[in-house]
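The sequence shown begins at 89 in this note's numbering and counts up one residue at a time. One structure below.
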Amino acid sequence: MGQYILRRLALMVPTLLGILLINFAVVQFTPGGPVEQMLYRLKNNDHSNLSAQAEVQQSGAARGIPPEVIKKIEALYGFDQPAHVRFGQMVGRYLSGDFGESFYRNARVTDLIIEKLPTSISLGLWSTLLIYFISIPLGIIKAVRHGSRFDIASSFVLSILYALPGFLLAMVLIVLFAGGSYWQVFPLRGLTSEGFSDFTLWQQIKDYFWHLALPLTAYTIGGFATLTALTKNSFLDEINKQYVYTARAKGLTERQVLYGHVFRNSMLIIIAGFPAAFVGMFFTGSLLIEVMFSLDGLGLLSFEAVTQRDYPVFFGSLFIFTLLGLVVKLLSDLVYVWVDPRIHFQQNNT
Numbered sequence: 089m090g091q092y093i094l095r096r097l098a099l100m101v102p103t104l105l106g107i108l109l110i111n112f113a114v115v116q117f118t119p120g121g122p123v124e125q126m127l128y129r130l131k132n133n134d135h136s137n138l139s140a141q142a143e144v145q146q147s148g149a150a151r152g153i154p155p156e157v158i159k160k161i162e163a164l165y166g167f168d169q170p171a172h173v174r175f176g177q178m179v180g181r182y183l184s185g186d187f188g189e190s191f192y193r194n195a196r197v198t199d200l201i202i203e204k205l206p207t208s209i210s211l212g213l214w215s216t217l218l219i220y221f222i223s224i225p226l227g228i229i230k231a232v233r234h235g236s237r238f239d240i241a242s243s244f245v246l247s248i249l250y251a252l253p254g255f256l257l258a259m260v261l262i263v264l265f266a267g268g269s270y271w272q273v274f275p276l277r278g279l280t281s282e283g284f285s286d287f288t289l290w291q292q293i294k295d296y297f298w299h300l301a302l303p304l305t306a307y308t309i310g311g312f313a314t315l316t317a318l319t320k321n322s323f324l325d326e327i328n329k330q331y332v333y334t335a336r337a338k339g340l341t342e343r344q345v346l347y348g349h350v351f352r353n354s355m356l357i358i359i360a361g362f363p364a365a366f367v368g369m370f371f372t373g374s375l376l377i378e379v380m381f382s383l384d385g386l387g388l389l390s391f392e393a394v395t396q397r398d399y400p401v402f403f404g405s406l407f408i409f410t411l412l413g414l415v416v417k418l419l420s421d422l423v424y425v426w427v428d429p430r431i432h433f434q435q436n437n438t
């Protein structure tokens, strides 16, 4: 196991560098970079990002954009160096823990990510727990009652929910329950009300989940189908194995067979996949849902970084999330071994 862990850790380095290099190469051929955007703003007297604009206007040229001003803009954003030099400098900074500063927000990349984490944690944590707590019991019931009317009807409903886009459901929920056209039951914006810090602890808890109700429903509604089907199929696969017939022949009750033997074995793959599922929900935010409910999370941050060509935020987020994903994948394998010691990750030398 120790050799397997070391081998996986060693493979993380080229994998991470490869992902960064591919994205960095693609960006080089993408038009509308920060230099072009700054030139456009100078030509049109756009006063956004005043701190950067002031630096390049110190030469006194704003309209004609002489070559020396263009070079100053390129140096300001680090584009005065060849691509391979910039890539090497970026990787070197990342290895030292320096992810740079946003081109447009006047804040460090790590500070921006930390600022957006509470929203992403709220959606990721509660959506993952909700999906697991509903899908696992439902999958077990469907497996026990396989082929029944309940199994067929629930599969039909789950298929519809799986195909229903989250943002479309969000629109329906807003129209129905957030004052769109019918009832003003739930708030429309943010995760807390004004004066939240002045509430009592119980009031804060109620207010938090009151705001979370609609976006969480829209965010998770399509996630039940996959885990429910996985639970059902895993349960059915274990039910048809020989040890189940042996347990029944020994006189064990159906409940003892299902929850004393089948449940433990069928849950291995689901338990092992929990870390990856949690992180997947954690960082794969729904942009449209965040926008519709005014939730300023990592999904919206990443989208704005791409559209604004905010390369420090884009590449810093990519590096952090990719590294985290690789570590969590390794953790999932280790959890699998911990749950079922019979599993060994050994290199096949045959």
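The beta carbon of each residue, even a glycine, is placed where N, CA and C say it ideally should be.
In this structure, the beta-carbon distance from G254 to I309 falls below 8 Å. For H172, the enclosing alpha helix (DSSP H) has its first and last residue at 171-183. Linking V416 to A251 through their CA atoms gives a straight-line distance of about 28 Å. Membership of I201 in the alpha helix (DSSP H) is indicated by the continuous run 197-232. The alpha helix (DSSP H) runs of length 4 or more contained entirely in the stretch 236-279 are, from start to end of the chain, 237-251, 254-265.
With three or more CB-CB distances shorter than 8 Å, the stretch 377-390 counts as touching the stretch 263-282. For L389, the enclosing alpha helix (DSSP H) has its first and last residue at 386-395.
Excluding its 5 nearest sequence neighbours in each direction, Q292 has C-beta neighbours in its own chain below 7 Å: F284, listed in chain order. In this structure the stretch 342-354 does not touch the stretch 260-267; the number of beta carbon pairs closer than 8 Å is below three. Within the DSSP secondary-structure output, E189 pairs in a beta bridge with R196.
Per DSSP, S285 lies in no alpha helix (DSSP H) and is assigned neither H nor E. The beta-carbon distance between L304 and S215, rounded to whole angstroms, is 6 Å. This is short enough to meet the 8 Å contact definition. Following the DSSP letters along the chain, one finds I158 inside the alpha helix (DSSP H) bounded by residues 155-164.
In the three-state scheme derived from DSSP, where H, G and I count as helix and E and B as strand, K338 is classed as coil.
Beta-carbon to beta-carbon, S190 and V197 are separated by about 6 Å, close enough to satisfy the 8 Å threshold. At the C-beta level, I358 and T314 stay beyond 8 Å of one another. Remark: C-beta atoms of K230 and S242 approach each other more closely than 8 Å. Collapsing the DSSP output to three states places T316 in a helix.
The residue among K160, L200, K204, A301 with its C-alpha nearest the C-alpha of L127 is K160.
In the structure shown, N321 falls within a helical segment according to DSSP collapsed to helix, strand and coil. Your pair Y399 and V173 does not check out as a contact, with CB atoms roughly 15 Å apart and the cut at 8 Å. In the DSSP annotation of this structure, the continuous segment of the alpha helix (DSSP H) that includes Y92 starts and ends at 90-116. K329 carries a coil assignment under DSSP once its states are collapsed to helix, strand and coil.
By the neighbour-count definition (other C-beta atoms within 10 Å, threshold 16), R193 is a buried residue.
In chain order, K230, R233 place their CB closer than 7 Å to the CB of D239, counting only its own chain and leaving out the 5 sequence neighbours on each side.
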